[in-house]
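Participant: My structure is below; once you've seen it, I'll send some questions.
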Ligand SMILES: C[S@@+](CC[C@H](N)C(=O)[O-])C[C@H]1O[C@@H](n2cnc3c(N)ncnc32)[C@H](O)[C@@H]1O
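In my numbering, the protein residues as written are 1 to 235.
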């Protein structure tokens, strides 16, 4: 079954579609040591804004994976029009068609929460090289969530597991990650300004209503659902 919130993001072709947006991405990546020979995976790449930035800024070897055909098409268009040599794969983060120990760095920006979290973390752990780094930006519960909020997150975003900071750390550890640190960011799942978009023709009118619903939810719940950015390493 399709996830309609992700159809919304894909149809409007929104880049930086994660808490903190592309500004947060750039502020995190500016402190990363990424060399031209490094292999980097952007998992759940969306329309490829971060993947393109990685390739342009660091000249590293980037692979971009997403399971949404519209996202993949728009990511390809972006890479082609910027003359970037990025490997693009349409595929599932929970079952990545890539070899073990392939990447020096993986970045996942608001992706893992849309999947079965442990399954995806185990896959990322498998394709990451020993000593490799994982950066993730994900939704996090700031307090115990009411059933009403959980049901809303499930129906609006198709997200069924909303972890708090402690639970994220624990799942990361279970998947073999160590040296787990929280990257300092403004807390709160704030509405991020959209600076990058590639809108499809003939957008379904229902998606505009969904966008309003999403805006309302974020405004009403920024105290209870925030986000965390983590940096960790594989043993
Ligand atoms: C909120 S968007 C974020 C996109 C991009 N990372 C960004 O920050 O702009 C979530 C992305 O995860 C992708 N995604 C969700 N579940 C996935 C899965 N099981 N495998 C691969 N990609 C997935 C969606 O298609 C979508 O592009």
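C-beta atoms are modelled at their ideal positions from N, C-alpha and C, and glycine is treated no differently.
Skipping 5 residues on each side, what residues in its chain have a beta carbon closer than 7 Å to that of residue 156?
Facilitator: 5, 213, 214, 217
Participant: Any heavy atom of ligand 1 closer than 7 Å to the beta-carbon of residue 153?
Facilitator: no
Participant: Quick one: complete beta strand (DSSP E) runs, 3+ long, within the region 10–93?
Facilitator: With a minimum length of 3 residues, the continuous beta strand (DSSP E) runs that stay inside the region 10–93 are 39–43, 61–66, 87–90.
Participant: Three-state secondary structure (DSSP) at residue 189?
Facilitator: Caution is warranted here: a pLDDT of 45 is assigned to residue 189, below 50, making its placement in the model unreliable, and no coordinate value can be reported.
Participant: Out of 53, 39, 222, 9, state which residue places its alpha-carbon closest to the alpha-carbon of residue 143.
Facilitator: 222
Participant: Within 8 Å (strictly less), CB to CB, does residue 95 reach chain D?
Facilitator: Protein chain content of the structure displayed is limited to a single chain, and chain D is not contained in it.
Participant: For a test of the three-state rule: what should DSSP assign to residue 120, helix, strand or coil?
Facilitator: helix
Participant: Alpha carbon to alpha carbon, how far is residue 17 from residue 61? Give it in angstroms, no decimals.
Facilitator: 23 Å
Participant: On the criterion of 16 or more Cβ atoms from any shown chain inside 10 Å, does residue 220 qualify as buried, or is it exposed?
Facilitator: exposed
Participant: Return the Cβ separation of residue 117 and residue 74 in integer angstroms, given the expectation that the two are a contact with Cβ distance under 8 Å.
Facilitator: Contact check for residue 117 and residue 74: beta-carbon distance about 26 Å, past the 8 Å limit, so the pair fails to qualify.
Participant: Reducing DSSP to helix, strand and coil, say where residue 140 ends up.
Facilitator: strand
Participant: Under 5 Å from any heavy atom of ligand 1, by CB: list those residues in chain order, please.
Facilitator: 6, 17, 18, 44, 46, 66, 67, 68, 71, 92, 93, 109, 110, 111, 114, 115
Participant: Rounded to whole angstroms, how far is the Cβ of residue 15 from the Cβ of residue 193, which I believe are closer than 8 Å?
Facilitator: Contact doesn't hold; Cβ gap of about 12 Å is too wide.
Participant: Going by DSSP, name the residue or residues bridged to residue 233.
Facilitator: 133, 178
Participant: Look at the alpha carbon of residue 188 and the alpha carbon of residue 122, and state the distance between them as a whole number of angstroms.
Facilitator: Reliability of the predicted coordinates at residue 188 is poor, the pLDDT of 49 falling under 50, and no value is obtained from them.
Participant: Buried or exposed: where does residue 83 fall if 16 or more other Cβ atoms within 10 Å of its Cβ makes it buried?
Facilitator: Taking a 10 Å sphere around the C-beta of residue 83, we find fewer than 16 other C-beta atoms and assign the residue as exposed.
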